[in-house]
Each structure stands twice: as C-alpha cells, then as structure tokens.
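Residues in the sequence shown are numbered from 1164 upward in steps of one, following our numbering. Everything on this sheet refers to the single structure shown next.
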Amino acid sequence: MAGRLVQSEALMRIGSIHALLGQLDAAEPKLLSALTALPETFSEAPKESQRLAVRAETHWHLAKCFFDAGKATDSEQSFQEAWQNSQQAISLQPQGGKHRLLSARIQCDYGTMLLRTSRSEDAQQKMIDSISELEKFIESSNSEEPQIVSSNQSIDATKQICASKIALAQANRMRGEHSKAIALLESLSTRLADLENRSPEDPMIAMLNSTQGNAIGMCQLEQGKFEAARHSFLKAMAHQERLLAEYPSRQDLQKNYGSLCGSLAVVSVRLNRPEDAFKFISKSFEINSDLAQKHPGNLEYVGEKSKSLTNLVAILANANRLDEAATYGHELIELQSKLAQENPNRAEFAYGLAASLNIVASVLGKLGQDEQATTYYNRSRCAYADLIQHNPQVHAYRMGLTSACLSKADFARAIQNWQQAIEAYSQAIETIHNFKATSMASESNLLARAYLGQAVAFKSLGQFAESRACAQLGAQTIMPWKDSPQGQEVLRMCLDLSTNSTVNSGDKPMR
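The structure is reproduced here in structure tokens:
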C-alpha cells in the first residue's frame, strides 16, 4: 500500500513537470496513471491524509492541463475534486501546514480559471477564500501556541498570498475597478521586497515581481497612463529576462516574455514610438508562433499567438502598411474563429474574435473593400453584445463594443453615409452611459470622440444646431483629460465645431 502511494506521487511529479513544459500529451496520461496507482484508503489518519493530499495535488495539475487543452468541463470537475480532497486531508491533520497551503493554491488557480471564463464574481470569492485561509495559516506561526508552521512553509504561504492577491487584482481590473486593482497590487511591494531579502535566489519571487509589474502596467494602459505603463512593463521584463537566463528551457517563461513584448508593443504605439512597437511585436510574434507550432494542442500557447497576431495587424495598420495588415488579418480571423468555435466555454476567445473582426474591418475599409468591412463590423458588434449579455460586469467587453461602434461610425463617415454614422455614434454613446463608464481617460476619450463624430455628421447634413450641441458635449467630456496628447486634439476639434459650424477640422474620422 505504502509503495503504491510512493509510486503514485512519483508519477504525479513527472506529469507536473511535463505540464510545466507545455507537454500536455505527455502530462495527462502520467497524471491519470498517478490516480490509478493510488491505494484505496489507509486506516491510519496520517497516511490517509497523505493519500488525499497526493490525490488533491494530482487533480490540481490535471485541472490545469484540461483547461489548457480546451476541456473546460473536465477542468472544473478536477478543480472541485482537488479542493474537496485537500479539505479532507486537512480534516485528518488539522495542524498540517502543507495541506493548507495546497488547498489555498488550488483555490487561487480555480479562481483564475473562473476569471478566464468571465465568471469574475465566483473568481473573486475563490481568491478571497484563498487569501483568508493563508493569512490565518501565517498567523498561527506567530501565535503563542506550539510552533506548527516551519519557516519555509511560512515563506511559501506568503508567496501564495501575493499570487492570490495579484489574481484578485486582475479580477478587479476585469470589472473596471482599476484604481482598486492598482492599490492592491502596490500594497504587495513591501511583502515582495521582504521575500526577496529572505530568499534572493528563489525564482518564484522573481516571477511574482514580474507578474505584479505586468498587472500594474495593464491597469495603467487601460487608464490611459501610457508612460507609467511602459515603465511597469519594462520593470516586469527585467525580472522575466533574469528568469529566462537561469531557465532558458522553461516554455512557460518564454510565453510570459512574449506576452510582455506584446504589451510593450501596444504601449509603444500609444507613445508614438513606432520603431519600439515593431521591435517588440516582432519578438512577441516570433516567440508565440514558435510555441504554438511546437504545442498545437495547448490553448495557452495558441491563444498567445492569436494575441500577438492581433497586435501585429493593428500595428501594421497604424503604420499604413495595409496590404500586409490585410494578409495577416485573414490569418487572424481564421485562427480566432477556430478558437472561439471549438471552445465555446472560453469567453476570452470570443472576445479575441470580436476585437479581431473590428481591427480587420478597419483595414479592409481603408483598402476600399466596403462590403467585407461592413460584414466584419457587424459581426464584431454582435459578438461584443453577446458577450455583454452573458457577462455584463466585464469592463473590457463594454469598452470593446464602444470601440467597435466608433470604428463602424468612422467607416460610415468615410463613405459619407451620414445617417448610419450618427446611429453608430449614438450606440457608442449609449453603451458608455448605460454603464456609467467615464471614470478613466480612455473611456472619456471614446465618449468625446463619439460626440465629435456626431457633430461632424450633423454638420455635413446641415443640422448645425445639433452639431454645435454634440461638439459642446464632447468638449465637456474630454476637459478633465485635456492635458493628454489625444485629449488636446479632441478638445481642439470639439471647440472648433461648437463655435463655428462651418469649419472642416473635424471632417476626417479619428482612428
């Protein structure tokens, strides 16, 4: 019996290593064999607790493998089984710190899975439960009771608290609570610095520092704080480069590095640094394409390739390299459509498809392919609307629909279909007002652009009073953010139109 337990744990460790390297085809059978090798039960509580812990950890690794392989239902079942087994192990050994730490890790990763399927409320609760359990665990090591927590276990618990709080902050960001997310992330800095002093060679701490920096950067990017976002991404990249230098074969680290390159490419466009944008997006696309080619069944890698491809199309379009953008755009739509169709439970792929349709539609519109552009614009708006219907709390979906409506309206203006433009701008304005989403520069900029677009369309139809009224609303909306480069330009055009209905400064759609 004891020999079978040892054999099962060994198989589980081998399977987890395969999973870490992205080798899902090798990981899954090893982990299933580990479950099969487990003995039924032990009469002694310590041995039975150990058996349940091995079973819990095996299901935990399986759950992550299933999720990356697109088996969302199997993944959730394994997460539930893992958590239940860990709780049973704790009940048999209530003072076993190792089991409590495992349970908290399972809760955090379960929450991350729920977050990526857009169940943000459930995800937040899992992460909060994980943090609460770990905080109590650490408190027990500082109590006057007999010492039950080793120093290493205390460090491990602290690292997991940091990981859980970073995941919780990402859930906050998804709900549009960016300031709350940043405050939570920045509150970890002292804890992470203390961990680094205690274990300077621990790669997990470098990974946490990188993840924290990336999460802060994403919040700042969406808030329109582009220089601050760039600084955060570069700090995160420094930690990631250190990890890659020490573990060059770790493909999960390569994936993270590719993702950071993609984020830096996006923020470089916003800061008008085209050379940096192409440098970073080329590296991101190279890394993620290579990983996806090596592991075509791993959705983590294929999904990252699709994000790199999306950014590449957008950056090429921004540089007016439209033929190249269209070529990559067709490949992008094909890949995103396949991911969304084959993984209906993964909202992130439906969101990726909606965003891709909008970007490629803009490219095709500039190339004069009006019919295909219109089709893609309409598909994009429908896809966003469907996402919002099922996940009304997700901030990115609301912003995506607003952006898609603006793109469709700008396209209608370009072909002088003024009435269609007014209707699309109205939908963009309604989307933002419905969700009261004007607390950040990026949101206010979209709303002001919609008012400006309406003003131009009304002026072109000879409806000058309506044009001036929309321009005044645009100016009022963007006024708090007038110091940003985009804000200055939008404000100038709105003020021109609000005072002079015959000026032409706003006739060109702002993209």
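For every residue, glycine included, the Cβ atom is placed at its ideal position computed from N, Cα and C. This one's a predicted model, so the numbers in the text were calculated from it and none came from an experiment.
Work out the CA separation of K1234 and H1224 for me, nearest whole Å. The residue you call residue 1224 lines up with position 61 of the sequence shown. The residue you call residue 1234 lines up with position 71 of the sequence shown. So the two alpha carbons sit approximately 13 Å from each other.
Grouping DSSP H, G and I as helix and E and B as strand, with all else coil, what is H1458? Against the sequence shown, residue 1458 aligns to sequence position 295. Correct three-state label for H1458: coil.
Beta-carbon proximity list for L1636, same chain, < 6 Å, skipping 5 on both sides: Position 473 of the sequence shown, counted from the first residue, corresponds to residue 1636. Here the set comprises Y1614.
Can you list, in chain order, the stretches of the alpha helix (DSSP H) that have 4 or more residues and sit fully within the stretch 1172-1209? Counting whole runs of 4 or more residues, the stretch 1172-1209 contains the alpha helix (DSSP H) stretches 1187-1200.
For S1412, is the classification buried or exposed, using 16 other Cβ atoms within 10 angstroms of its Cβ as the cut-off for buried? On the sequence shown, position 249 is the one that residue 1412 refers to. Exposed is the call here.
K1299 burial status per 10 Å Cβ neighbour count (16 or more: buried): Sequence index remark: in the sequence shown, residue 1299 carries index 136 (1-based). With fewer than 16 Cβ atoms within 10 Å of its Cβ, K1299 is classed as exposed.
Output yes or no for whether 8 Å exceeds the beta carbon distance between L1479 and E1487. On the sequence shown, residue 1479 is found 316 positions in, with the first residue counted as 1. On the sequence shown, residue 1487 is found 324 positions in, with the first residue counted as 1. For L1479 and E1487, yes; Cβs fall inside 8 Å.
If the criterion is Cβ atoms closer than 8 Å, does the pair A1536 and L1550 meet it? As a working mapping, residue 1536 is identified with position 373 in the sequence shown. As a working mapping, residue 1550 is identified with position 387 in the sequence shown. For the pair A1536 and L1550, the CB atoms are not nearer than the 8 Å cut-off.
What alpha helix (DSSP H) runs, 4 residues minimum, are completely inside the stretch 1222-1277? Runs found: 1235-1255.
Under 8 Å, do F1229 and S1212 count as touching if we go by C-beta distance? Here residue 1229 refers to the residue found at position 66 when the sequence shown is read from its first residue. Here residue 1212 refers to the residue found at position 49 when the sequence shown is read from its first residue. No, the Cβ-Cβ distance between F1229 and S1212 is not below 8 Å.
If you check the beta carbons only, do S1327 and I1294 fall under 8 Å apart? Along the sequence shown, one-based indexing puts residue 1327 at 164. Along the sequence shown, one-based indexing puts residue 1294 at 131. Yes, these two residues count as a Cβ contact at 8 Å.
Counting only runs of 4+ residues fully inside the stretch 1499-1535, write out the alpha helix (DSSP H) ranges in chain order. Those alpha helix (DSSP H) runs which fall completely within the stretch 1499-1535 and span 4+ residues are 1510-1529.
Nonlocal neighbours in the same chain, by C-beta distance under 6 Å from T1221, ignoring five residues either side: Mapped onto the sequence shown, residue 1221 falls at position 58. Annotation for T1221: M1175, L1194, A1197 and L1198 place their beta carbon closer than 6 Å to its own, counting only its chain and skipping 5 residues before and after.
Close beta carbons around A1591, own chain, < 6 Å, minus the five adjacent residues each side: Within the sequence shown, numbered from 1, the residue matching residue 1591 stands at position 428. These residues qualify, in order along the chain: T1565, C1568, L1569 and A1613.
Use the C-beta contact count for E1534: other C-beta atoms within 10 angstroms, 16 or more gives buried, fewer gives exposed. Locating residue 1534 in the sequence shown gives position 371, where the first residue counts as 1. An exposed status is given to E1534, since fewer than 16 other beta-carbon atoms sit within 10 Å of its beta-carbon.
Quick check on DSSP: helix, strand or coil for E1307? By one-based count along the sequence shown, residue 1307 stands at place 144. At E1307, the pLDDT of 41 sits below 50, so the modelled position is not reliable and the matter cannot be decided from this model.
In the structure shown, what three-state DSSP assignment does Q1651 receive? In the sequence shown, the residue the question calls residue 1651 occupies position 488. In the three-state DSSP reduction, Q1651 falls in the helix class (H, G or I).
Can you check the stretch 1377-1455 for any beta strand (DSSP E) of at least 3 residues that lies completely inside it and give the ranges in chain order? The stretch 1377-1455 contains no whole beta strand (DSSP E) run of 3 or more residues.
Span of the alpha helix (DSSP H) around E1340: Residue 1340 sits at position 177 when you count from the first residue of the sequence shown. Premise fails: E1340 is in no alpha helix (DSSP H) and is neither H nor E.
Closest by C-alpha distance to A1587, when choosing among A1575, H1596 and Q1579: Translated into positions along the sequence shown, residue 1587 becomes position 424. Each of A1575, H1596 and Q1579 was checked against the Cα of A1587, and the nearest Cα belongs to A1575.
So what's A1638 in DSSP terms, helix, strand or just coil? Residue numbering aside, residue 1638 sits at position 475 when the sequence shown is read from its first letter. Shown here, A1638 sits in a helix according to DSSP, grouped into three states.
Within 8 Å, do at least three Cβ pairs link the stretch 1317-1326 to the stretch 1545-1564? Verdict: no, contact absent.
Does R1176 come within less than 8 Å of chain D when only Cβ atoms are used? Absent from the structure: chain D. Only one protein chain is present.
Find out if the Cβ-Cβ distance for the pair G1380, Q1316 is shorter than 8 Å. Here residue 1380 refers to the residue found at position 217 when the sequence shown is read from its first residue. Here residue 1316 refers to the residue found at position 153 when the sequence shown is read from its first residue. No. Outside cutoff.
How is the alpha helix (DSSP H) around R1354 delimited, first residue to last? Reading the sequence shown from its first residue, position 191 is the one you call residue 1354. Residues S1352 to R1361.
Using C-beta distances below 7 Å, list every residue in its chain close to A1341, excluding the 5 sequence neighbours before and after it, in chain order. Taking the first residue of the sequence shown as position 1, residue 1341 is located at position 178. Correcting the residue type first, residue 1341 is His in the shown sequence and not Ala. Same-chain partners within the cutoff: C1382, E1385, Q1386 and M1603.
Counting along the chain, where does the alpha helix (DSSP H) carrying K1645 start and finish? If you number the sequence shown from 1, residue 1645 lands on position 482. Counting along the chain, K1645 sits inside no alpha helix (DSSP H), nor does DSSP assign it H or E at all.
DSSP state of A1489, grouped into three classes? For this step, residue 1489 is matched to residue 326 along the sequence shown. Correct three-state label for A1489: helix.
Between the CA atoms of S1179 and A1190 - distance to the nearest angstrom: Within the sequence shown, the letter at position 27 stands for residue 1190. Within the sequence shown, the letter at position 16 stands for residue 1179. If I take the Cα positions, the gap works out to 7 Å.
Is it true that the CB of P1202 sits closer than 8 Å to the CB of L1168? Locating residue 1168 in the sequence shown gives position 5, counting from the first residue. Locating residue 1202 in the sequence shown gives position 39, counting from the first residue. It is a contact, given that the beta carbons lie within the stated cut-off.
Tell me the rounded alpha-carbon separation between D1237 and N1508. Walking along the sequence shown from the start, residue 1237 turns up at place 74. Walking along the sequence shown from the start, residue 1508 turns up at place 345. Straight-line Cα distance between these residues: approximately 12 Å.
Three-state secondary structure assigned by DSSP to P1136: Past the boundaries of the shown model lies residue 1136; the chain is included only from 1164 to 1674, so the question cannot be answered.
Assuming A1518 contacts G1460 under a Cβ cut-off of 8 Å, what Cβ separation, rounded to an integer in Å, is found between them? As a position in the sequence shown, residue 1518 is number 355, starting the count at 1. As a position in the sequence shown, residue 1460 is number 297, starting the count at 1. Going by Cβ atoms, the distance from A1518 to G1460 rounds to 24 Å, so no, they are not a contact pair.
Is the beta carbon of L1423 less than 8 Å from the beta carbon of A1391? Stepping through the sequence shown from its first residue, residue 1423 is reached at position 260. Stepping through the sequence shown from its first residue, residue 1391 is reached at position 228. At least 8 Å separates the beta-carbon of L1423 from that of A1391.
With distance defined between alpha-carbon atoms, name the residue in Q1556, L1520, P1555 and A1559 nearest to S1543. In the sequence shown, the residue the question calls residue 1543 occupies position 380. Ranking the options by Cα distance to S1543, first place goes to L1520.
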